[in-house]
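For the sequence shown, position 69 (counting from the first letter as 1) is numbered 69 according to the UniProt record's numbering, and the numbering increases by one without interruption.
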Amino acid sequence: MSDSSLSSVHSDVLIASARQTLSTQAQALASLANRVTDEFPKAVRMILSSKGRTVICGMGKSGLIGKKIAATLASTGTPSFFLHPGEAFHGDLGMIQAEDTLVLISYSGETEELMRLLPSLKSFGNPSIALVGNMDSTLAKHCDCVLDISVDRETCPNNLAPTTSTTMTTAMGDALAVALMECRDFQPQDFARFHPGGSLGRKLLTRVKDLMHKDNLPVCAPETTLKDAISVMTQGRMGVVLVQDAGKLLGIFTDGDLRRAMLKESEGMIHKTMASLMTANPKTINENVMIVQAEEQMLRDKITLLVVVDDALRVSGILEIYDR
């Protein structure tokens, strides 16, 4: 399309096109949901009962989606990997072990590369699940379990490019992954173990004690004057002073408290003690709490720091909301 032709396409036309595509996809997904049969729980049970891996195999767009399905399964508690059918035909079939379960993806159910593999796969005897759009296809007839991913037509205006059908394939893969997660009672902590390098994994695996400030804490006694407390606060560089007596936390005095105290301009304010100016019984959090819970508490209470205590309620640190 030339620049002049491109500029003539009105934004409303493009927005309408996007809405039509998304609506068509949504309708197809709703139709697919209504066509789920007993083959689905059969597929889930086959994967659950397997003592090996779930091997995903597909060609072209189906292969790309297969890689995504394999990655999703692997990260949610189902050991899985993708096997390229072309490479499999030239030696990678050796990656398949006797206890593995196969998931073969082909919308037509007649993909040449998969058809060439079928005799070998059948001879291996591995349990097999097909994701197909043609329930009468060769692939459907030769697999132990068949999941229907058919669509009335592709969203592509020429009804050629895999669009709606690829959405259905992805969705069915997600449905399998979610069902398997539910069966395994897969929890956020389990997910985090497989994603230690990501922000989610870091949040779910990190505890308050891993991030809190614990050295050279700004501490003063209840009889400390405001003048001296300001010096302690300045040296601590956290905008807070912890008021303690014999190791017991009595209260805190923040830079916000300081501003409010100075605005009062009462005579002798600079010589008042922390006992009279501090906030008694401040909010605390146990050092073993997960960082995500601490952040939720600070956001909920609209505070920027928490005093951290150990199991004996002794102060062990200070956590600021942006400690990441």
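Just so it is clear, CB atoms sit at the ideal spot from N, CA and C, and this is done for glycine as well.
Are the beta-carbon atoms belonging to proline 218 and threonine 273 less than 9 Å from one another? Here residue 218 refers to the residue found at position 218 when the sequence shown is read from its first residue. Here residue 273 refers to the residue found at position 273 when the sequence shown is read from its first residue. Cβ distance not < 9 Å, so proline 218 and threonine 273 don't count as in contact.
Less than 8 Å separating the Cβ of valine 103 from some heavy atom of the ligand SAH? This structure lacks the ligand SAH; in fact it carries no ligand of any kind.
Using alpha carbons as the reference points, say which of Leu319, Ile129, Glu112 and Thr21 lies closest to asparagine 159. Looking up residue 159 in the sequence shown gives position 159. Among Leu319, Ile129, Glu112 and Thr21, the Cα nearest to that of asparagine 159 belongs to Thr21.
With distances taken Cα to Cα, identify the nearest neighbour of arginine 237 among Asp255, Ile149, Glu39 and Ala246. As a position in the sequence shown, residue 237 is number 237, starting the count at 1. Of the listed residues, the one whose Cα sits closest to arginine 237 is Asp255.
Leaving out five residues on either side along the sequence, give the residues of the same chain with a beta carbon under 7 Å from the beta carbon of alanine 229. Working through the sequence shown from its first residue, we reach residue 229 at position 229. Cβ within range, chain order: Cys220, Val241, Phe253 and Met274.
At least 3 beta-carbon pairs within less than 8 Å: the region 76-92 vs the region 25-36: no
For the alpha helix (DSSP H) holding phenylalanine 67, just list the boundary residues, first then last. On the sequence shown, position 67 is the one that residue 67 refers to. Going by the sequence as given, residue 67 is lysine instead of phenylalanine. Looking at the DSSP string, the run of the alpha helix (DSSP H) that includes lysine 67 is 61-75.
Contact the region 124-143 vs the region 87-106: 3+ CB pairs below 8 Å: yes
May I have the straight-line CA-CA distance separating arginine 153 from threonine 164, to the nearest angstrom? On the sequence shown, residue 153 is found 153 positions in, with the first residue counted as 1. On the sequence shown, residue 164 is found 164 positions in, with the first residue counted as 1. Rounded to whole angstroms, arginine 153 to threonine 164 spans 7 Å at the Cα level.
According to DSSP, which residues form a beta bridge with histidine 213? Taking the first residue of the sequence shown as position 1, residue 213 is located at position 213. Partner(s): Ile318.
By the 10 Å Cβ neighbour count, where 16 or more other Cβ atoms means buried, how is serine 123 classified, buried or exposed? Sequence index remark: in the sequence shown, residue 123 carries index 123 (1-based). Under this definition serine 123 is an exposed residue.
Comparing C-alpha positions only, which one of Ala98, Cys183, Ala294 and Thr54 sits nearest to isoleucine 318? As a working mapping, residue 318 is identified with position 318 in the sequence shown. Answer by Cα proximity: Ala294.
Within its chain, find whatever has a CB closer than 6 Å to the CB of glutamine 97; leave out the 5 residues flanking it on each side and keep chain order. Sequence index remark: in the sequence shown, residue 97 carries index 97 (1-based). So the list reads Gly52, once near-sequence residues are dropped.
Could you tell me which of Ile47, Arg45, Glu267 and Ala70 sits nearest to glycine 58, measuring between CA atoms? What you label residue 58 is simply residue 58 of the sequence shown in a count that begins at 1. Selected option, being the one with the closest Cα: Ala70.
Residue span of the beta strand (DSSP E) that contains asparagine 158, given as start and end: On the sequence shown, position 158 is the one that residue 158 refers to. That residue, asparagine 158, is in no beta strand (DSSP E); it is neither H nor E in DSSP.
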